[in-house]
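Structure first, then comments.
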Amino acid sequence: MLGRRHLRLGEALSRGLQRHAPSLCGRASSTQAAALAKSSAHYDLVIVGSGPAAQKCAIESAKYGKSVCIVDKSSQLGGVCVHTGTIPSKTFREAVLHLTGWRHQGFYGRSSQRARAAVAIPDVLARVEAKETEVVRDQLQREGIELISGTARFLPGSEGEPHRVMVLRTSEKTEAKTSVYRHIEASLPSVTLSADRFLVACGTRPLRRPDVPFDGSRVFDSDQLLWGGVDRVPRDLIVVGAGVIGMEYASMINVIPGTTVTVIDPRDEVLGFADREVTQALCYSMRKNGARFLLGEKVKSVEKMADGTVVVAHLLSGKRVKGDALLYAMGRLGNTDSLNLEAIGVDPDERGLLNVDDSYQTAQAGVYACGDVIGYPALASTSMEQGVRAAHHMWSDHGALATDAAAKAAAAEGAIEDSTGSVGDSSDSDGDSDSDSDVEEAGIEDGEERGALESAATVAAASQPSQQDPVAAAGTTTLNEATSSTGPYGSIPMGLLDRSSELLFPYGIYTIPEISMVGKTEAQLTRAHLAKGQMLGGVDGFLKLLFDTNTLKLLGVHAFGEGATEIIHIGQVVMAQGGSVDYFRTAVFNYPTLAEAYNVAARDGLRKVGII
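In terms of the numbering used here, the sequence shown is residues 1 to 612.
Here is the structure:
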């Protein structure tokens, strides 16, 4: 069994990062001192936040020759991605996979899963985190980007004048124990910054219901799971929330021998935006390891028993779910509450998230927002691309704009064309689907031949002749389209200047097994009058291709199993070029490889519709 000696992950991760991670203030002291020598300063661009979106927008803007300043109350670059999100959670996942031997169950069987020798998780994490932070810091400094540690607050201004923020020092005394930002200079003065453009990329934090008794040990959010007092592997974990974070951690704990996981969510499906057959396969895999799913159930209250070792979730239906720990993962809040955005006419929604247009611009001209703070898809990879696209719109001739209100109003009426399309329907946010297939029909049953990502295909056959290409109708932009803008590298594809091409962003969900997808889901294509076909799969994974049987154009790719987030990019490239599924039939892949599944799946699908 895995005990304290093997997986004290939360406490270990926290100690490791504090001990090993370098400080921004120490390394950037000369730049910071120069910036703060003045009581006020003006830049072409001021960025609030230092995560992936902020980094990429800053670097891209600097390549346009613009002066850029990054403000963050953290003294470490990277934001949530580095401290509580992508890097720590994926390290947690890799540690679980290594310690349980889960990846080798195909050789020795599920019953062979057992704890291995302890792994120095803090050291591994610290080395990766320190290296990535060093690379980002060097890139920013090489581009002449100034870094100021502190908290930003927008100031009211007069019409026609540049927007301003007041940067205040962060109180180490009040934040030392409760915040991940632990290296703020105690003597940091205040400074007023103005800029022609602003980017808000401040990230998010876990949503915490006030009536849930969070203690960081028995009842915790996703940040506390890694940074709080969780020093043991829960034997009976309750997970409230079947979104990405909830399902990732639920599946990680689920593969540890001797543990049980119960997932509770008011929605009828897990990961409602994903392809239904893929999520059914995930649930099937987790159930075989003992997981329970209580879907369509709402949590009324959470109670810690008197002895402090039992947690009870009371449901509105009257059910009581007992466990020894509870992870609350019912969404996240934008870190916008302290920015005073209302002073410049930008109003966050009830969860602190910001609405943006196709160019990532808020309701206020010249004020942009990217990353997790604008909501879905909230991935590090997509945040980086959003930051790049926002920079292109800010500074390219295509995205040139006047910051006065009259020009903004004219743009809203179409007098100024800032983009080539609208946001594509890239998710099943309502969880609705016309697919009636279940896991058994998908061929995922005990006793079938195993193998990660074995061949599978789903055929999207046109139920009636279509006069319009469904992907083009959805506003998808291909990389072959004509360009009409220039940047620091020459012409820029129109698809990089608006959100309509986000449909081609790959989405990876690091559950065990992992999920990845790009393009449309089967439910979306069914609602667009495309009939569904059949799919074959193995126990441990499958590859699902969606294509139009009239044109053979590839419309979507969905992968489930080990390696899914790697091989999804093959389908992404073919879709970006407007390619057809027939490419996979004729292409030669190395054997044996996971990528070969594309060839087998394509042949399977084309055979089903009588083309081969």
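Yeah, the Cβ is synthetic: ideal placement off N, Cα and C, and Gly gets one too.
Buried/exposed call for K298, threshold 16 Cβ in 10 Å: exposed
K319 (DSSP reduced to helix, strand or coil): coil
Residue closest to A274, alpha-carbon to alpha-carbon, out of Q139, D548, L525: L525
G387 - DSSP class collapsed to helix/strand/coil: helix
Collapsed DSSP secondary structure at I145 in the structure displayed: coil
DSSP three-state assignment for P377, whether helix, strand or coil: coil
Local conformation of Y591 per DSSP, three classes: coil
Counted within 10 angstroms of its Cβ, other Cβ atoms place N254 as buried (16 or more) or exposed: buried
Candidates R235, V212, C283: closest to M247 by CA position: C283
Extent of the continuous beta strand (DSSP E) to which A41 belongs: 40-48
Among V278, A281, R287, the one whose alpha carbon lies nearest that of T262: R287
Touch test, the segment 66-86 against the segment 148-163, Cβ-Cβ under 8 Å, three pairs minimum: yes
Presumed contact (8 Å Cβ cut-off) between V46 and F198, rounded CB distance: 5 Å
Presumed contact (8 Å Cβ cut-off) between Q141 and I59, rounded CB distance: The Cβ separation is near 11 Å, so there is no contact.
Collapsed DSSP secondary structure at S194 in the structure displayed: strand
Counterpart residues of H558 in DSSP-defined beta bridges: M517, K544
Outcome for Q55 when other beta-carbon atoms lying within 10 angstroms are tallied against a minimum of 16: buried
Sheet register partners of H163 (DSSP bridge): A195
Proximity to S222 [Cα-Cα], best of R603, V135, G331: G331
Same chain, Cβ closer than 7 Å to S383, neighbours up to 5 away in sequence not counted: G51, P52, A53, C370, G371, D372
Alpha-carbon to alpha-carbon, W102 and Q464: Confidence at Q464 is low in this model, with a pLDDT of 31, below 50, so the placement of that residue should be treated as unreliable; the coordinate-derived value is given next. Going by the C-alpha atoms only, they are around 46 Å apart.
V261, enclosing alpha helix (DSSP H) - first and last residue: No alpha helix (DSSP H) contains V261, which is instead part of the beta strand (DSSP E) from 260-265.
Three-state class that DSSP yields for A306 in the structure shown: coil
Spatial distance of V239 from I264 (CA atoms): 6 Å
Neighbour-count burial assignment, V135, 16 or more Cβ in a 10 Å radius: exposed
Whole-Å CB distance - V312 paired with K300, under 8 Å assumed: Not a contact, Cβ separation roughly 11 Å.
Beta-carbon proximity of P377 to Y249, cut-off 9 Å: no
Cross-strand partners of H314 (DSSP beta bridge): S301, R320
Nearest residue (CA-CA) to I611, options V581, Y598, D324, V356: V581
Paired residues, beta bridge with Q361 - DSSP: Y368
Coarse secondary structure for K553, derived from DSSP in three states: strand
Proximity test, Cβ basis, 9 Å: N599 and chain B: The structure shown contains no chain B, having only a single protein chain.
L316 to T551 span [Cα, whole Å]: 50 Å
Assumed close pair T362, L354 - CB separation to whole angstroms, cut-off 8 Å: 6 Å
Backbone CA spacing between A576 and V80 [nearest angstrom]: 30 Å
Y360 versus G216: straight-line alpha-carbon distance, rounded: 36 Å
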